[in-house]
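Asker: The following block contains the structure, expressed as structure tokens.
Shown next as structure tokens:
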């Protein structure tokens with residue numbers, strides 16, 4: 010179950026990023042990214058987390074790892090959770106959803122501030138690979154460049 014869900018979430022995220030970077034910025038592609046990309050990833054995250062918390066799905070611990078205590082939010086508790094297939098897939102889906110949402114926000118913000126698509130691509134690629142790093146770069150670029158262009 011977890012392997013299939015992992016592959017599905019990766020496919021959804023990759024399709025969303027490909028649309029975001031390569032497709033024209035028109036309402037339909039942006040809507041697809043938001044709802045079939047971000048929305049679907051959020052739905053998978055919530056459903057998988059709820060299934061594990063309700064005991065409907067086994068997080069399948071890695072051989073030799075302790076079963077995770079889902080109420081322990083200490084570093085040790087999170088380590089035990091992420092030593093399970095379910096914990097990895099749920100955590101990964103969380104990252105995929107938020108990184109894609111962040112990329113969508115960056116793209117819309119960059120469009121509104123008049124940034125060329127070619128200038129957006131490196132920031133979006135960095136956000137795809139390392140979400141917070143891409144966001145940090147965008148936050149450092151957006152206001153000074155927008156002010157030079159006379160946009161806020």
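In the working numbering, the protein residues as written are 10 to 161. No residue lacks a Cβ here, since even glycine has one placed at the ideal position from N, Cα and C. Values in this document were obtained by computation on a predicted structure and should not be read as measured data.
1. Within the region 75-100, note down every full alpha helix (DSSP H) run reaching 4 residues or more, in order along the chain.
2. For residue 156, report the span of its alpha helix (DSSP H) as first-last.
3. Quick one: using the 10 Å Cβ neighbour count with 16 as the cut-off for buried, is residue 158 buried or exposed?
4. Give every residue of the same chain whose Cβ lies closer than 6 Å to the Cβ of residue 174, excluding the five residues on either side of it in the sequence, and list them in chain order.
5. Measuring only the C-alpha atoms, how far is residue 67 from residue 102?
6. Report the residue ranges of all alpha helix (DSSP H) runs contained in full by the region 11-56; include only those spanning at least 4 residues, in chain order.
7. Using a 10 Å radius around the Cβ and a threshold of 16 neighbouring Cβ atoms, would you call residue 42 buried or exposed?
8. Could you tell me whether the Cβ of residue 62 comes closer than 9 Å to any Cβ of chain D?
9. Give the straight-line distance between the Cα atoms of residue 126 and residue 79, rounded to the nearest whole angstrom.
10. Could you give the DSSP three-state label for residue 134: helix, strand or coil?
11. Can you give me the C-alpha to C-alpha distance between residue 154 and residue 132, rounded to a whole angstrom?
12. Take every Cβ of the region 47-58, pair it with every Cβ of the region 138-153, and state whether three or more of those distances are shorter than 8 Å.
13. Between residue 117 and residue 39, is the Cβ-Cβ spacing less than 9 Å?
Answerer: Reading off the structure:
1. 84-90
2. Residue 156 -> alpha helix (DSSP H) spans 140-158.
3. exposed
4. Since the first residue shown for the chain is 10 and the last is 161, residue 174 is missing from the structure and cannot be characterised.
5. 17 Å
6. 11-31 and 36-40
7. buried
8. Considering every chain present, this structure includes no chain D. It has just one protein chain.
9. 43 Å
10. helix
11. About 14 Å.
12. no
13. yes
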